[in-house]
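Numbering-wise, the sequence shown is residues 244 to 913 according to our numbering.
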Amino acid sequence: MRIVGVDTGGTFTDFVLLADGQIRVHKVLSTPARPADAILQGLADLGIDRAIDVMVHGSTVATNAVLEHKGARTGLITTAGFRDVLEIGRQNRPKLYDLRQQKPPALVPRDLRLEVTERLDERGGVLVPLDEESVREAIECLQRAGVESIAVCLLFSFANPEHERMVAEAAERAGFFVSASHVVLPEFREYERTSTVVLNAYVGPLMGRYLSQLEQSLPSCTTLRIMQSNGGTISASTAGREAARTLLSGPAAGVVGATFVADASGFRRVISFDMGGTSTDVSLIDGTPTQTTDGRIGHYPMRLPMLDIHTVGAGGGSIAWFDAGGALRVGPVSAGADPGPAAYDRGGTEPTVSDANVVLGRLVPEAFLGGTMRLAAEHARRAVGRIAERLGSSVEAAALGIVEIANANMEAAIRVISVERGYDPRDFTLVAFGGAGPLHACELAARLRIPRVLVPTTPGVLSALGMVATDIVKDYTRTVMLRPDGPLVQIESVFGELEQRAWAELRAEGIAREALRLERLLDLRYVGQSYELTVPFRGSVTKTVASFHQAHERRYGYADSEEPVEIVNVRLRAIGVVPKPSLARLPVPPPWQPVPSDERQVVFGRSRQLLACTTALYERDRLGPGAVLSGPAIVTQYDTTTVLPPGWFARVDAVNNLIVEADFHRTGEG
């Protein structure tokens, strides 16, 4: 069987081919105007354009449509009196004391948000019957406005979807793409539910057309599966209808890939660290990736299950600048791929993190991208020199300052998903990938006293590898609002309904019953709280409530077993287990010291002082199991550069992962 994972990024489209137990990797330049062109080119380069069994694809089509406000012209039909939910939102504000902040525009303008006459109570009882004439008028109004897609979100439809179903069916008969909240997100919280269903309607038509064109370009025997934000895949037809589930597919695949390679090396508690050209994505993996339903795409809330990924604007292309108070800042604005950092010699003049790494000697100009692109060190030095002039320092000191500020930004991101969630980063291994991750990983780990860094064999295509290593996953939920002292039969009944639906849908996708794994979960909170925690259902409500108290203690620092608890949502995670690739395990000989290919001067920082070190250079493809390196050292390869500061040591394990560890007493860091 031939399975290929395809990750479409802003600069490159990455491929990982699994065939006959062997893994091949490939990269081609992306074609943003027509993403499918790069995919077809890469498949042709690999010689498999007519011989693929399964293609798993992560796409930025939906994400870019939201971030760039280029989605379908969308209308909203809602209950009378609730058309302004999108504008009102919540009372919490991102910048509480900024009097000049501007509210981001709603994806659906007010004139396209229409009301229908109907009303249900909180349990789904009919207070006001649905007025079909108001439905007809709303649909006709949206037709005259040239709307392509309609989001339908009626009050309390999660408790009784009948009115919403009638509106959705009428809109479908009128020829619209329709997204109904009882299908996409049958949960309470009106603002978040409305925002989520609007996001789905906004990107659905674009994603549907893109996937349809891509499927037509592939061989008829090829099954196309799409990566979701929750770390699993769904069919292309489902992704077209529920496109909001794919909004974070690329970063989610990276987390799955990090889990896969770390597990192959024997590490189950890891933090994934994906640093690219524009941003850095981090996520905590405690045996399995951490899930959340409290996510955002740009400024817009989305309540669909997703991996808990925190993103900051810190990447190789992040620009260094001075704020109004004269403080040096780095990012979030990026030089991007065009013109890119000054060292790319494509017209860029702004100093970036990559330029700083060139000045410090950490990026080797003649080894960048495997030697296919030589960096212009003099341009990087000139750009960073302007920062040095303003600081009154040497160019090297300014470059080190830029790198340390970027590291501080990324350190804060890791603290968000670890310390703020009740986890100690010292108990984890940092998995570094992306084009710039291994450049910064050791210094970042030292700041957090993370004892170990794992650099995969092919860090630059880890997201694509994650796609071929992921299962088929579907999430189901139902709001119940029950007290734990009520009859358990109510919860069992809901679980039973969700499991029947899950089995029917995964069987339609070719999953055998023996390959289906079901995970039951409950959303719990103390009565009176406005937030809840998701905990696994342990077979009895009493045991589950005990787990909730423990989770609350870890997350918030306190718990009260005497306080009454409320069951808010019943959740089911259905997993269709698919065969996974296996990384070849090679015999590990006694430790051996490889011969450096060269050496150069590299600048590090220690106790706020510059430390210039003669540093050995190694080529990654010449390292094998048992190889041992001592810092300072630099390891170059096609898709990234790994930096080992003084006091760090690396070894290559049986699956060719680079395991880097530190003696913090010797490094003097942390």
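Cβ coordinates follow ideal geometry from the N, Cα and C atoms, glycine included.
Check                                                                                                   : Outcome
Proximity below 7 Å, CB of ALA495 to CB of LEU550                                                       : yes
DSSP-derived helix/strand/coil call for LYS786                                                          : helix
Contact set for SER597: own chain, Cβ-Cβ below 7 Å, skip 5 residues either direction                    : GLY559, GLY560, PRO584, ALA586 and LEU606
According to DSSP, residues forming a beta bridge with GLY556                                           : None; GLY556 has no bridge partner.
Burial state of ILE331, where buried means 16 or more other Cβ atoms lie within 10 Å                    : exposed
Buried or exposed (CB count within 10 angstroms, at least 16 for buried), VAL895                        : buried
Simplified DSSP state of GLY819, which is helix, strand or coil                                         : strand
Distance between ALA905 and ALA929 (C-alpha atoms, nearest Å)                                           : The structure shown has nothing for residue 929, since the chain only spans 244 to 913.
Top-ranked residue by Cα proximity to GLU775, from GLY703, ASP288, ALA394 and THR536                    : THR536
Contact with chain C by ALA631, beta-carbon distance below 7 Å                                          : No chain C is part of this structure, which consists of one protein chain only.
THR502 - DSSP class collapsed to helix/strand/coil                                                      : helix
Inter-residue Cα distance where the pair is THR785 and PRO727                                           : 8 Å
DSSP three-state assignment for ASP295, whether helix, strand or coil                                   : The sequence given here places Ile at residue 295; Asp does not occur at that position. The answer is coil: DSSP assigns ILE295 none of H, G, I, E or B.
Integer-rounded CB distance, given that LEU764 should sit under 8 Å from ARG816                         : 7 Å
Paired residues, beta bridge with ILE734 - DSSP                                                         : Looking at the DSSP assignment, ILE734 forms no beta bridge with any residue, so it has no partner.
Touch test, the region 857-871 against the region 468-483, Cβ-Cβ under 8 Å, three pairs minimum         : no
For GLU762, the first and last residue of its enclosing beta strand (DSSP E)                            : 759-769
Helix, strand or coil at GLU383 according to DSSP, with G and I counted as helix                        : helix
Residue closest to SER351, alpha-carbon to alpha-carbon, out of ILE528, GLY678 and LEU319               : Per the sequence presented here, residue 351 reads as Val, with Ser not at that position. Answer by Cα proximity: LEU319.
Beta-carbon separation (whole angstroms), VAL813 vs VAL898, contact threshold 8 Å                       : Going by Cβ atoms, the distance from VAL813 to VAL898 rounds to 40 Å, so no, they are not a contact pair.
Paired residues, beta bridge with SER422 - DSSP                                                         : ALA394
Candidates ASP882, ILE877 and MET470, of which the one nearest TRP891 by Cα                             : ILE877
Within 7 Å, strictly: CB atoms of VAL698 and ALA675                                                     : yes
Proximity of CYS384 and THR437 at Cβ, strictly below 7 Å                                                : no
Continuous beta strand (DSSP E) assignments of at least 3 residues falling wholly in the region 453-523 : 466-470, 476-478 and 512-518
At least three beta-carbon pairs within less than 8 Å, the region 404-420 to the region 516-525         : no
Cα-Cα separation between ALA623 and SER850, rounded to whole angstroms                                  : 25 Å
Selected residue, minimal CA-CA separation from PRO834, among THR857, VAL811 and VAL871                 : VAL871
Cβ-based neighbour list, ILE754, same chain, cut-off 7 Å, excluding 5 preceding and 5 following         : ILE715 and GLY819
Span separating the alpha-carbon of LEU461 from that of VAL504                                          : 29 Å
Beta-carbon proximity of LEU767 to ILE810, cut-off 7 Å                                                  : yes
Closest residue to THR615 among THR879, LEU398 and TYR434 (Cα-Cα distance)                              : THR879
Exposure of ALA276, with buried meaning 16 or more beta-carbon neighbours within 10 Å                   : exposed
Pick from ARG511, ASP364 and LEU547 that is closest to VAL427, judged by C-alpha positions              : LEU547
Buried versus exposed, by CB contacts within 10 Å (16 or more), ARG356                                  : buried
Straight-line Cα distance separating ALA599 from GLU391                                                 : 47 Å
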